[in-house]
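Protein chains in written order, with UniProt numbering: chain F, 1 to 261; chain C, 1 to 261. Each residue gets a CB set at the ideal place from its N, CA and C atoms; glycine is no exception.
Protein chains: 2
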Amino acid sequence: MNSPEEVVDFIYNGHQRFLPHLSIDCVIFGYHDQQLKILLIRYHDQEHWSLPGGYVERQEGLTAAAHRILSEKTQLTNLYLQQFYTFGDSPTRLNRIEIQDNHNKVYAKANVAIDEEHWLSKRTLSVGYYALVDYHEVSVTPEFLVVDYAWVDVNAVPSLQYDHNEIIDKALLTLRSQLYQQSVGYNLLPEKFTLSEIQALYEAILGKPFDRRNFRKKMVALGVIRQLDERRKIGPHRSPYLYDFNLENASKLQEAGGVIF
Amino acid sequence: MNSPEEVVDFIYNGHQRFLPHLSIDCVIFGYHDQQLKILLIRYHDQEHWSLPGGYVERQEGLTAAAHRILSEKTQLTNLYLQQFYTFGDSPTRLNRIEIQDNHNKVYAKANVAIDEEHWLSKRTLSVGYYALVDYHEVSVTPEFLVVDYAWVDVNAVPSLQYDHNEIIDKALLTLRSQLYQQSVGYNLLPEKFTLSEIQALYEAILGKPFDRRNFRKKMVALGVIRQLDERRKIGPHRSPYLYDFNLENASKLQEAGGVIF
DNA sequence: ACAAAAGTGTTGGAAGTACACCCATGA
DNA sequence: TCATGGGTGTACTTCCAACACTTTTGT
Numbered sequence: 001m002n003s004p005e006e007v008v009d010f011i012y013n014g015h016q017r018f019l020p021h022l023s024i025d026c027v028i029f030g031y032h033d034q035q036l037k038i039l040l041i042r043y044h045d046q047e048h049w050s051l052p053g054g055y056v057e058r059q060e061g062l063t064a065a066a067h068r069i070l071s072e073k074t075q076l077t078n079l080y081l082q083q084f085y086t087f088g089d090s091p092t093r094l095n096r097i098e099i100q101d102n103h104n105k106v107y108a109k110a111n112v113a114i115d116e117e118h119w120l121s122k123r124t125l126s127v128g129y130y131a132l133v134d135y136h137e138v139s140v141t142p143e144f145l146v147v148d149y150a151w152v153d154v155n156a157v158p159s160l161q162y163d164h165n166e167i168i169d170k171a172l173l174t175l176r177s178q179l180y181q182q183s184v185g186y187n188l189l190p191e192k193f194t195l196s197e198i199q200a201l202y203e204a205i206l207g208k209p210f211d212r213r214n215f216r217k218k219m220v221a222l223g224v225i226r227q228l229d230e231r232r233k234i235g236p237h238r239s240p241y242l243y244d245f246n247l248e249n250a251s252k253l254q255e256a257g258g259v260i261f
Numbered sequence: 001m002n003s004p005e006e007v008v009d010f011i012y013n014g015h016q017r018f019l020p021h022l023s024i025d026c027v028i029f030g031y032h033d034q035q036l037k038i039l040l041i042r043y044h045d046q047e048h049w050s051l052p053g054g055y056v057e058r059q060e061g062l063t064a065a066a067h068r069i070l071s072e073k074t075q076l077t078n079l080y081l082q083q084f085y086t087f088g089d090s091p092t093r094l095n096r097i098e099i100q101d102n103h104n105k106v107y108a109k110a111n112v113a114i115d116e117e118h119w120l121s122k123r124t125l126s127v128g129y130y131a132l133v134d135y136h137e138v139s140v141t142p143e144f145l146v147v148d149y150a151w152v153d154v155n156a157v158p159s160l161q162y163d164h165n166e167i168i169d170k171a172l173l174t175l176r177s178q179l180y181q182q183s184v185g186y187n188l189l190p191e192k193f194t195l196s197e198i199q200a201l202y203e204a205i206l207g208k209p210f211d212r213r214n215f216r217k218k219m220v221a222l223g224v225i226r227q228l229d230e231r232r233k234i235g236p237h238r239s240p241y242l243y244d245f246n247l248e249n250a251s252k253l254q255e256a257g258g259v260i261f
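The structure is reproduced here in structure tokens:
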């Protein structure tokens with residue numbers, strides 16, 4: 001929504017296109033400079049930052065909606081995207097006055113106001129998805145109502161709107177727990193990468209350092225990555241081997257994963 | 001809903017009380033006779049069985065709704081209940097004609113019909129919860145539109161309505177993967193139980209046998225259960241020790257659980 | 001005394017962890 | 001030649017899996 005006209009159309013006609021009472025919130029993890037960051041946005045006249053999100057079209061699959069929303073926000077397609085929980089308990093989600101009030105502050109920028117009975121004033125549940133994207137390839141779409149965006153370090157997330165902090169916590173927990181069952185990182189690293197690169201990624205995600213030798217043993221033994229017969233030149237140092245993801249194994253890991261016995 | 005009048009009221013006025021487009025489906029695992037079973041229901045004039053489910057009230061938390069629905073169906077409160085996934089992709093969920101048609105077959109019993117624009121004809125997403133209940137304590141509430149119910153073995157689930165088979169598969173996967181991080185079974189076993197009892201439960205859930213000695217070592221080492229200084233008399237056999245759940249540890253396990261490192 | 005269930009300990013293998021030295025490269 | 005990052009192996013510990021005999025108890 002890039003213009004006031006589009007916003008007005010959304011507010012008045014959106015209920016025909018979208019399901020009410022339900023939104024998707026995306027925790028978009030980006031990796032850059034050996035840090036794990038999250039993409040936050042701030043709407044017009046809002047004190048708190050929010051997660052990027054959107055609504056589900058009436059005849060659209062849920063997963064498809066999540067992909068669409070993510071690509072609308074980041075211009076990226078075909079990303080690693082994973083549903084992790086549906087949020088519908090927080091008292092802030094049930095407080096109609098606060099919801100309506102916040103919306104109206106935002107929509108004031110387009111000179112529109114909504115009343116208590118408007119579809120956007122209603123309580124919503126939110127399905128949480130997390131995504132892993134390459135920070136560099138993201139170009140955040142400028143939207144009329146979004147006045148600011150920022151990548152913040154996962155360890156320094158400010159106080160967010162509604163229950164979005166809780167959503168991020170759960171996303172991180174889920175991401176961490178799935179790290180060794182999925183080829184997480186497939187979207188964050190070039191096709192071929194060095195051991196150090198993927199180790200730095202895992203360290204950023206899990207927030208702790210690993211031993212080089214043990215890390216390699218584990219990743220290769222699990223079948224997540226494969227060593228290639230190729231090296232990369234990297235300045236005044238020994239040339240490291242390249243690796244790639246073993247995607248055949250990935251699906252097997254995923255099926256077995258989660259089930260401990 | 002025990003009478004045609006209540007059904008009619010629900011159909012005509014339910015949209016005021018409940019959120020549209022959203023339901024909760026419960027995979028109710030019951031344990032009996034060393035078998036893990038699932039509670040299924042069959043609505044009037046429906047060929048396929050379904051999972052018990054319900055709708056979320058407009059000002060009700062999602063978790064609260066799940067508990068309410070479960071206790072409406074089983075008369076049990078305070079159960080182990082866990083959200084596991086939200087389903088919104090299956091083509092059967094988007095096929096309005098099929099949905100409306102199925103509803104109308106069911107509602108014919110109350111001499112009501114709904115049209116294409118009715119709130120119950122619309123596409124719904126479904127939040128999946130699973131519960132663990134003691135088969136014996138459940139008294140399934142007779143409902144006017146539900147003509148039959150059955151406990152079926154998890155290994156012999158018939159073909160169900162919509163995507164309910166998929167929901168059960170995911171529920172089982174989740175239950176199995178969480179088995180050692182949560183005090184699953186707290187609601188299925190008496191406060192004090194023998195090792196054999198809990199082992200039989202775990203075997204039923206995971207579908208494979210364990211070695212007595214190794215099982216005991218593992219459960220005690222993980223801190224899930226504690227051996228008591230007490231035995232039970234069980235007929236012409238040696239008296240087994242009693243155990244109980246170590247609920248203090250349970251919360252710690254739960255926090256650490258899922259996160260592998 | 002016997003049938004049925006429960007209690008108990010050891011061993012070998014696999015996986016995980018800790019740890020340090022040498023090598024390659026470009027400036 | 002030096003500074004920097006990369007490559008590599010071993011010993012120790014812990015966890016898991018396999019495995020069988022003895023004890024208790026009521027009839």
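Residue i by DSSP, collapsed to three states: which one?
i	result
ALA113/C	coil
SER61/C	Note that residue 61/C corresponds to Gly in the displayed sequence, not to Ser. DSSP places GLY61/C in coil when its eight states are reduced to three.
ILE38/F	strand
GLY30/C	strand
PHE144/C	coil
GLN82/F	strand
ASP134/F	coil
ILE167/C	helix
GLN178/C	helix
LEU189/F	coil
SER71/C	helix
GLN227/C	strand
PHE18/F	strand
TYR43/F	strand
PHE215/F	helix
ASP25/C	strand
PHE10/C	helix
TYR162/C	coil
LEU51/C	coil
To which residues of the same chain is residue i closer than 6 Å at the C-beta, ignoring the five residues directly before and after it?
i	result
GLY14/C	none
ASP148/F	ARG42
GLY223/C	ASN246, ASN249
ARG216/F	LEU195
Since I believe residue j is in contact with residue i (beta carbons under 8 Å), could you give me their beta-carbon distance rounded to a whole number of angstroms?
i	j	result
ALA113/F	ASN104/F	5 Å
LEU125/F	LEU70/C	Their Cβ separation, rounded to whole angstroms, is 18 Å, which puts LEU125/F and LEU70/C out of contact at 8 Å.
VAL127/F	THR86/F	5 Å
LEU120/C	ILE198/C	At roughly 43 Å, the Cβ-Cβ gap does not stay under 8 Å, so LEU120/C and ILE198/C are not in contact.
ALA200/C	GLN34/C	5 Å
LYS37/C	VAL154/C	7 Å
SER90/C	GLU166/C	7 Å
ARG93/C	HIS21/C	Actually they are not in contact, since the Cβ atoms of ARG93/C and HIS21/C sit about 10 Å apart, beyond 8 Å.
When burial is assigned at 16 or more other CB atoms within 10 Å of the CB, is residue i buried or exposed?
i	result
HIS237/C	exposed
ASP229/F	exposed
GLY207/F	exposed
GLU117/F	exposed
LEU39/F	buried
GLY88/C	buried
ALA221/F	exposed
ILE97/C	exposed
ARG213/C	exposed
GLY235/F	exposed
GLN75/F	exposed
LYS73/F	buried
GLU60/F	buried
SER139/C	exposed
ALA156/C	exposed
GLN178/C	buried
ALA66/C	buried
ALA150/C	exposed
Excluding the 5 residues preceding and the 5 following residue i in the sequence, name in chain order all residues of the same chain whose CB lies nearer than 8 Å to its CB.
i	result
PRO209/C	GLU203
PRO4/F	LYS109, ALA110, ASN111, PHE144
ARG176/C	ILE205, LEU206
Report all residues from its chain with a CB closer than 7 Å to the CB of residue i; omit the five preceding and five following residues, and keep chain order.
i	result
LEU188/F	TYR31, LEU132, ASP134, LEU201
HIS48/C	SER159, LEU160, GLN161
Determine, using beta-carbon pairs with one atom in the region 126-136 of chain C and one in the region 68-86 of chain C, whether at least three such pairs fall under 8 Å. yes
Cβ pair count under 8 Å reaching 3, the region 51-66 of chain C against the region 21-28 of chain C: yes
Three or more C-beta pairs under 8 Å: does that hold for the region 238-248 of chain C against the region 192-199 of chain C? yes
Does the region 156-163 of chain C come close enough to the region 1-18 of chain C to have 3 or more Cβ pairs within less than 8 Å? no
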